[in-house]
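Data first, discussion second: the structure below is written as structure tokens.
In UniProt numbering, the protein residues as written are 1 to 250.
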């Protein structure tokens, strides 16, 4: 696939989706993005996209909005390590993903790039996860389980619909505007008087590199494949040290 001239995004008001649509707009791609609230509409408009009011669960409406675009980026999802309602998270991550792919196929879109997660890889303890890793069946969090099931659902739906699907699996995304997940943990450590540090490693990727990976997947990705997006593995101790230097703390 050549560089897309038009694209439709879900999750365009979020961290990854927002930077992705801004990059696409800057490159000359005509971008439209699903929005569910006035605040989301303002965000995607400011970043250069056409806001499309709608819902992940309105397949017919999604299909109408997607008609004529070169590629769909399905970035939307619930990212919550300790959700209050696991069923609600699964409905968005799993069923919502199925419906987006079905809508894209109905609209005649040839390619979908799905934002999965490195948490969906499921490597065993002590193993280095790769795109070919067979999932261990163990889940460190409800989120990891949800994204694994969502990825399975995504490829299953794409196979049923006959549409090209490429998954990207970002590790912990770090960059301006990130204040949840591992970034939230680092912020808590930095603000604690006597922080408790765990002897473990983080796999991280810069936000802009993550965006580059999404676009590369759209242009060069092989249908049916998934691509891990990671920049480095760093210990929690080193991560805290780097973050402390950035904010001027010892």
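By construction, the Cβ of each residue, glycine as well, lies at the ideal position given by its N, Cα and C atoms.
Asked                                                                                                            : Found
Residue(s) in a DSSP beta bridge with residue 170                                                                : 229
Residue 65, buried or exposed, once every other Cβ within 10 Å from all chains shown has been counted against 16 : buried
Element boundaries [alpha helix (DSSP H), containing residue 208]                                                : 207-220
Cβ pair count under 8 Å reaching 3, the region 91-100 against the region 154-169                                 : yes
For residue 59, the three-state DSSP class (helix, strand or coil)                                               : helix
Simplified DSSP assignment, three categories, for residue 38                                                     : helix
Test item: CB-CB of residue 71 and residue 216 under 8 Å                                                         : no
Stretch-stretch touch, CB-based, cutoff 8 Å, three pairs: the region 39-46 with the region 112-131               : no
Strand pairing of residue 74, partner residues [DSSP]                                                            : 10 and 114
At least 3 beta-carbon pairs within less than 8 Å: the region 165-174 vs the region 134-145                      : no
Among 62, 15 and 27, nearest to residue 34 - alpha-carbon criterion                                              : 62
Residues near residue 148 by beta carbon distance below 8 Å, same chain, minus five either side                  : 119, 120, 122, 135 and 139
Cβ contact (3+ pairs, closer than 8 Å) linking the region 6-19 and the region 219-234                            : no
Alpha carbon of residue 234 to alpha carbon of residue 205, nearest angstrom                                     : 11 Å
Three-state class that DSSP yields for residue 69 in the structure shown                                         : coil
Rounded distance between the beta-carbons of residue 4 and residue 29, thought under 8 Å                         : 5 Å
C-alpha distance - residue 252 paired with residue 84, whole-angstrom precision                                  : Nothing can be reported for residue 252: it is not among the residues displayed for the chain, which extend from 1 to 250.
C-alpha gap between residue 32 and residue 126, whole angstroms                                                  : 42 Å
Which listed residue (91, 210 and 133) has its alpha carbon closest to that of residue 55                        : 91
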